[in-house]
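Engineer: First residue of the sequence shown: 686, per this note's numbering; consecutive thereafter. Yeah, the Cβ is synthetic: ideal placement off N, Cα and C, and Gly gets one too.
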Amino acid sequence: MILVTGATGNVGGDVLAELVEAGHDVRALTRHPERAKLPPGAEVVRGDLSAPETLPAALAGVEAVFLYAVPGSASAFVRAALDAGVRRVVMLSSIAVRDDVEVQSNPIGAYHAEIENAVAASGLEWTFLRPGAFATNVHQWAAQVKAGDVVRLAFPDAATAPIHEADIAAVGVRALTEDGHAGAKYPMTGPESLTHRDQVRIVGEAIGRPLRVEELPPDLAREQMLTRVPAPVVDSLFAMMRASVGQEAYVIDTVEKVLGRPARTFAQWAADHADDLR
Ligand SMILES: NC(=O)c1ccc[n+]([C@@H]2O[C@H](COP(=O)([O-])OP(=O)(O)OC[C@H]3O[C@@H](n4cnc5c(N)ncnc54)[C@H](OP(=O)(O)O)[C@@H]3O)[C@@H](O)[C@H]2O)c1
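1) Please determine, among A955, D768, Q932 and R859, the residue with the shortest C-alpha to C-alpha distance to E941.
2) Give the range of the alpha helix (DSSP H) segment to which L901 is assigned.
3) Over what stretch of residues does the alpha helix (DSSP H) that includes R815 continue unbroken?
4) So, does the stretch 804-821 touch the stretch 872-885, judging by three or more C-beta pairs under 8 Å?
5) Taking the alpha carbon of I687 as the reference point, which residue from P947, E728 and P724 has its own alpha carbon closest?
6) Could you please give me the residues that DSSP links to A843 through a beta bridge?
7) Alpha carbon to alpha carbon, what distance is there between E801 and G868?
8) So, helix, strand or coil for A959, using DSSP?
9) Are the beta-carbon atoms of F840 and R927 separated by less than 8 Å?
10) Quick one: what's got a C-beta closer than 7 Å to W826's C-beta in the same chain, skipping five residues either side?
11) Bridge partners of P872, per DSSP?
12) Output the distance between the C-alpha atoms of K831 and A855, rounded to the nearest integer angstrom.
13) I want to check one thing, is the minimum distance from the CB of P895 to the heavy atoms of ligand 1 below 7 Å?
14) Could you tell me whether the stretch 767-777 touches the stretch 878-895, using the rule of 3 or more Cβ pairs below 8 Å?
15) Within the stretch 688-732, note down every full alpha helix (DSSP H) run reaching 4 residues or more, in order along the chain.
16) Tell me the residue span of the alpha helix (DSSP H) that contains R764.
17) Out of I780, Y796, D960 and E738, point me to the one whose CA is closest to A765's CA.
18) Beta carbon of F819: closer than 7 Å to some heavy atom of ligand 1?
19) Of all the options A721, V788 and A707, which has the alpha carbon lying nearest to the alpha carbon of T690?
20) Between the Cα of A759 and those of D733, E748, V804 and A959, spot the shortest distance and give me the residue it belongs to.
21) So, is L929 buried or exposed, given that buried needs 16 or more other C-beta atoms within 10 angstroms?
22) Is any heavy atom of ligand 1 found at a distance shorter than 7 Å from the C-beta of I800?
23) Bridge partners for I848 per DSSP, in chain order?
24) Distance check for I780 and E850, CA to CA, integer angstroms please.
25) Buried or exposed: where does P876 fall if 16 or more other Cβ atoms within 10 Å of its Cβ makes it buried?
26) Under the assumption that A891 contacts A955 (Cβ atoms under 8 Å), give the Cβ distance between them as a whole number of angstroms.
27) Spatial neighbours of G808 within its chain, please: C-beta separation below 8 Å, excluding the five flanking residues on both sides.
28) Can you give the Cα-Cα distance for G931 and A843, rounded to whole angstroms?
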């Protein structure tokens, strides 16, 4: 049995779907089974990584776990996993984690590193997926795209190499179901460096309607993001965006190395999600 946490999310959802499709015994953990839309074929368990008392039932009979990173949840998860006889953990971490420092300098790296460290120290077999910027971050603009032809955003010339969630998931499925990935830390990006402006153009092409970018002052964009995201994380994201203006984003071919085919392009992502953006 494989337990997928984050199963209602972008990446965990694709991990779950791929495992079910391949015929594996899969259990999906969610805090809200009543509203979760999960594929038939997956067993569903109510659970919360921040509520350790929910973990024994979720982990009973489980050999491998796809682990979503919930801050502060690591030591209770590791104890429960060892008690349940789990063998393998594949964690959705972040490219922000640095291996060359004792103390992580940014809060995104710090909370993922705390969980990585607890898993690595546990004796469980582990693989850490460390993706960079997700293509799904475009959903932040979805309401604007649906409402009109103008997308207002800060740092239009900031560059990332957006990765398709299905590629992260596919690498995760390999690590969950095959040998040969134990102890691997997989930094992962999409195949090409694109600015936010490029991404808006490509979304416009996918939905068949040209979109125009208007630059938002960073302070205003920061205020908007603060309504959804903690301040240290917002500040860290803004610092990364500011630093990437006019730069080529880092691109690495991990997806191709693991899967034996190139990572999906952002144009492919936009085509896959065009109906959600129209
Ligand atoms: N966006 C990026 O550019 C980027 C880049 C690198 C790394 N990451 C990392 O990737 C992760 C986000 O992945 P995603 O986009 O697939 O997630 P998502 O779509 O935002 O979904 C969040 C998932 O987490 C689950 N969850 C939240 N709190 C939980 C808890 N206490 N116990 C159990 N489950 C909980 C939710 O499940 P229920 O609500 O159903 O319980 C849901 O399935 C984050 O760790 C992020 O830091 C993101």
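Structural biologist: This is what the structure gives:
1) Nearest C-alpha to E941: R859.
2) No alpha helix (DSSP H) contains L901, which DSSP labels as neither H nor E.
3) Membership of R815 in any alpha helix (DSSP H) is not indicated; the residue belongs instead to the beta strand (DSSP E) covering E810 to P816.
4) A contact exists between the stretch 804-821 and the stretch 872-885.
5) Of P947, E728 and P724, the residue nearest in Cα terms is E728.
6) Residue pairing for A843: DSSP places it in a beta bridge opposite V930.
7) Approximately 11 Å between the Cα atoms of the pair.
8) A959: helix per DSSP, three-state reduction.
9) It is a contact, given that the beta carbons lie within the stated cut-off.
10) Counting only residues of its own chain and dropping the five nearest sequence neighbours on each side, W826 has a CB closer than 7 Å to the CB of V836 and L838.
11) According to the DSSP secondary-structure assignment, P872 is paired through a beta bridge with R815.
12) Roughly 29 Å separates the two Cα atoms.
13) Result no, Cβ not under 7 Å from ligand 1.
14) Too few Cβ pairs lie closer than 8 Å, so no.
15) Given a length threshold of 4 residues, each whole run of the alpha helix (DSSP H) inside the stretch 688-732 is given here in chain order: 695-706.
16) If you look at R764, you'll find it in the alpha helix (DSSP H) that goes A759 to A769.
17) Answer by Cα proximity: E738.
18) The nearest non-hydrogen atom of ligand 1 is less than 7 Å from the C-beta of F819.
19) Looking at the Cα atoms, A721 is the closest of the given residues.
20) Per the Cα distances, V804.
21) It should be pointed out that residue 929 corresponds to Ser in this sequence rather than to Leu. With 16 or more Cβ atoms within 10 Å of its Cβ, S929 is classed as buried.
22) In this structure, the C-beta of I800 stays at least 7 Å away from each heavy atom of ligand 1.
23) Per DSSP, F819.
24) Using only the alpha carbons, I get a separation of about 14 Å.
25) For P876, the number of other beta carbons within 10 angstroms of its own is at least 16, and it is reported as buried.
26) The Cβ separation is near 4 Å, so the contact holds.
27) Within the same chain, Cβ atoms closer than 8 Å to the Cβ of G808 are found at L767, the five residues on either side in sequence being excluded.
28) Spanning the two alpha carbons is a distance of roughly 7 Å.
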